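*Asks:* Numbering (our numbering), first residue to last: 315 to 501. The beta-carbon is built from N, C-alpha and C at its ideal position, and this holds for glycine as well. Remember, it's a predicted structure, so these values are computed and weren't measured experimentally.
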């Protein structure tokens, strides 16, 4: 199961990077204008607010778009700071999603939906919960779903926080680096 998810994540990452590079090459001027417009209107803290919402709630908006915005605007001059702040915001959002999952876990429909699974796989969840959150932190799949599920399944708060810090923040940095250096591979 873990190997299949890692393969899917790797394929998703490659498709995302190729798509972003292709769009960046084909529409470089338009992307520069569009990203500058977004930053001029809402600023960096607006971008951080968007990430807070998208990594807390289950949305179809990939937060990696924000990394593209940083890379195409004046924010790129201080990218290590901005990307680091976004990584921290993402972890805060994940922990908020975890809290939502814990709250949802008290409802009867949630207990019916997850209860049997949790009872049958309790030892597995407790033993590999850290790695499940770690994988969910680095894949292109919604991080919020990982955190909500961890909350519903009662994975320890400290386990989710540690996996998120150790894997989500470096993932944000790695994706930024891949996005900004991948274009050189295609020139």
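Please give me, in chain order, every unbroken run of the alpha helix (DSSP H) with length at least 4 that falls completely inside the stretch 355 to 392.
*Replies:* Taking only runs of at least 4 residues, the alpha helix (DSSP H) segments lying wholly in the stretch 355 to 392 are 378 to 385.
*Asks:* Using the three-state DSSP reduction, which class does residue 470 fall into: helix, strand or coil?
*Replies:* As a first step, residue 470 must be located in the chain shown, where it is residue number 156. If DSSP states are grouped into helix, strand and coil, residue 470 belongs with coil.
*Asks:* Taking the C-alpha atoms as reference points, what is the distance between residue 365 and residue 372?
*Replies:* Numbered from 1 along the chain shown, position 51 holds the residue referred to as residue 365. Numbered from 1 along the chain shown, position 58 holds the residue referred to as residue 372. Approximately 12 Å between the Cα atoms of the pair.
*Asks:* Express the C-alpha separation of residue 399 and residue 375 in angstroms, rounding to a whole number.
*Replies:* In the chain shown, the residue the question calls residue 375 occupies position 61. In the chain shown, the residue the question calls residue 399 occupies position 85. One C-alpha to the other measures close to 19 Å.
*Asks:* Thinking just about the alpha-carbon of each residue, which of 424, 451, 383 and 328 is nearest to the one in residue 483?
*Replies:* Residue mapping note: residue 483 aligns to position 169 of the chain shown, counting from 1. Minimum Cα distance to residue 483 is reached at 451.
*Asks:* Quick one: measure Cβ to Cβ for residue 378 and residue 489, integer angstroms, because I've assumed they're closer than 8 Å.
*Replies:* Your numbering for residue 378 matches position 64 in the chain shown. Your numbering for residue 489 matches position 175 in the chain shown. Sure, about 6 Å apart at Cβ, within 8 Å.
*Asks:* Would residue 486 pass as a contact of residue 401 if the rule is Cβ separation under 7 Å?
*Replies:* As a position in the chain shown, residue 486 is number 172, starting the count at 1. As a position in the chain shown, residue 401 is number 87, starting the count at 1. Yes, Cβ-Cβ distance for residue 486 and residue 401 is below 7 Å.
*Asks:* Could you say if the stretch 346 to 353 and the stretch 382 to 391 meet the contact criterion of at least three C-beta pairs nearer than 8 Å?
*Replies:* Judged by Cβ distances under 8 Å, the stretch 346 to 353 makes contact with the stretch 382 to 391, as three or more pairs qualify.
*Asks:* Could you compute how far the alpha carbon of residue 353 sits from the alpha carbon of residue 393?
*Replies:* As a working note, residue 353 is residue 39 in the chain shown. As a working note, residue 393 is residue 79 in the chain shown. Going by the C-alpha atoms only, they are around 14 Å apart.
*Asks:* Give me the Cα-Cα distance between residue 453 and residue 422, rounded to the nearest whole angstrom.
*Replies:* Residue numbering aside, residue 453 sits at position 139 when the chain shown is read from its first letter. Residue numbering aside, residue 422 sits at position 108 when the chain shown is read from its first letter. Their backbone Cα atoms lie some 30 Å apart in a straight line.
*Asks:* Assuming residue 410 and residue 447 make a contact with CB atoms under 8 Å, what is their CB distance in whole Å?
*Replies:* Taking the first residue of the chain shown as position 1, residue 410 is located at position 96. Taking the first residue of the chain shown as position 1, residue 447 is located at position 133. About 15 Å separates the two Cβ atoms, so there is no contact after all.
*Asks:* Can you look up residue 501 in the DSSP assignment and give me helix, strand or coil?
*Replies:* One-based indexing of the chain shown puts residue 501 at position 187. Bear in mind that the predicted position of residue 501 carries a pLDDT of just 42, short of 50, making it unreliable; the figure below should be weighed with that in mind. Here residue 501 sits in coil by DSSP.
*Asks:* Quick test of your reading: residue 414 and residue 465, contact by CB under 8 Å. State the CB separation rounded to the nearest angstrom.
*Replies:* The residue given as residue 414 occupies position 100 in the chain shown. The residue given as residue 465 occupies position 151 in the chain shown. So it is a contact: roughly 7 Å between Cβ atoms.
*Asks:* How about residue 361 and residue 381: are their beta carbons less than 7 Å apart?
*Replies:* Residue 361 sits at position 47 when you count from the first residue of the chain shown. Residue 381 sits at position 67 when you count from the first residue of the chain shown. Not a contact, by the Cβ cut-off of 7 Å.
*Asks:* Let me check understanding here. Comparing Cα to Cα, which of 404, 367 and 336 lies closest to residue 477?
*Replies:* Taking the first residue of the chain shown as position 1, residue 477 is located at position 163. Nearest of 404, 367 and 336 to residue 477, Cα basis: 404.
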